Amino acid sequence: VRKRAEESRKRGGSAGTGMVVSKGGHVLTNFHVVRGCKKIAVTMLGELETEARLLKSDKKNDLAVLKISTPVPDKNIAQFRVGQRLKAGEAIAVYGFPLPGTLSVSGNIVSGHITSLAGLGDDARFVQISSPIQPGNSGGPLIDSAGQIIGVVTAKLDELKFAGATGSMPQNVNFAIKSNIALNFMDAHSIPYKTSSSQEEYTLTKLVEEAKNYTVHVKCN
201 VRKRAEESRK RGGSAGTGMV VSKGGHVLTN FHVVRGCKKI AVTMLGELET EARLLKSDKK
261 NDLAVLKIST PVPDKNIAQF RVGQRLKAGE AIAVYGFPLP GTLSVSGNIV SGHITSLAGL
321 GDDARFVQIS SPIQPGNSGG PLIDSAGQII GVVTAKLDEL KFAGATGSMP QNVNFAIKSN
381 IALNFMDAHS IPYKTSSSQE EYTLTKLVEE AKNYTVHVKC N
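The C-terminal position of the sequence shown is numbered 421 in this note's numbering, with every residue numbered one higher than the one before it.
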């Protein structure tokens, strides 16, 4: 009953979001965003597209690392939170490129909270979040109040299927893969990344300023 938050694959193409994790040009996203792609393109800061290749993937956890040839400055690299456990109720934000072709190509941010520390069926790999996510958000960063990555946006509950199975219509049930799952995946493949243990409280404006530097639009053809 999860519905992946990627753009529907119309005319053989799809789109999603990703985040730059190293100055060597490694980009973390969801595997389903780039599954079956003949060509992958990444756009940073609304500038020209850069060709990317699929470097490593984890189908079980729906993760993938892409590689672009363009060097990346430090300010354009995401930082993953370490040393602090996730808490139900903590404030979060989602940044990405929802509804490609409809909403702003410069990125979109929505705030919310962690509503549960597990996904469907008590799946401990996921957190449930209140931030609305749309097609195109898949693979984007789940950000804490200090601007650190705590997850990878993945899916929303398929309301129609759930309603058909249970007779009730859920609202705004969305999921992200916990960052420790992503870090384990990158560790297993020697993908470099940056970590942080800041407890600073950012304004939403500052979160946007930082997120737009490392968040990329991923296109699949």
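No residue lacks a Cβ here, since even glycine has one placed at the ideal position from N, Cα and C. These numbers come from a predicted model, not from an experiment.
Using only the alpha-carbon positions, how far apart do residue i and residue j sit?
i	j	result
residue 345	residue 389	29 Å
residue 416	residue 347	16 Å
residue 320	residue 259	18 Å
residue 261	residue 270	27 Å
residue 264	residue 215	14 Å
residue 246	residue 306	6 Å
residue 243	residue 412	11 Å
residue 288	residue 312	11 Å
residue 278	residue 399	16 Å
residue 402	residue 221	21 Å
residue 342	residue 255	22 Å
residue 363	residue 273	Note that residue 363 has pLDDT 35, beneath the 50 cutoff, so the model's placement of it is unreliable and no number is given.
residue 233	residue 239	12 Å
Would you mind working out which of the options sits nearest residue i, comparing C-alpha positions?
i	options	result
residue 353	252, 292, 285, 321	292
residue 466	235, 260, 276, 259	Residue 466 lies beyond the residue range present for the chain, which begins at 201 and ends at 421; the question has no answer from this structure.
residue 376	404, 279, 246, 333	333
residue 229	219, 238, 223	219
residue 337	286, 349, 413, 298	298
residue 396	405, 379, 385, 267	379
What residue does the beta strand (DSSP E) around residue i start on, and which one ends it?
i	result
residue 231	Segment 231 to 234 is the alpha helix (DSSP H) holding residue 231; no beta strand (DSSP E) there.
residue 266	263 to 268
residue 241	240 to 244
Can you pull the DSSP bridge partners for residue i?
i	result
residue 344	292
residue 317	The partner list for residue 317 (beta bridge, DSSP) is empty, contrary to what the question assumes.
residue 329	314, 374
Mind checking which residues open and close the alpha helix (DSSP H) that includes residue i?
i	result
residue 381	379 to 388
residue 278	Neither: residue 278 is in no alpha helix (DSSP H) and is coded neither H nor E.
residue 411	404 to 414
Exposed or buried, which one is residue i when buried takes at least 16 other CB atoms within 10 Å?
i	result
residue 282	exposed
residue 324	exposed
residue 355	buried
residue 331	buried
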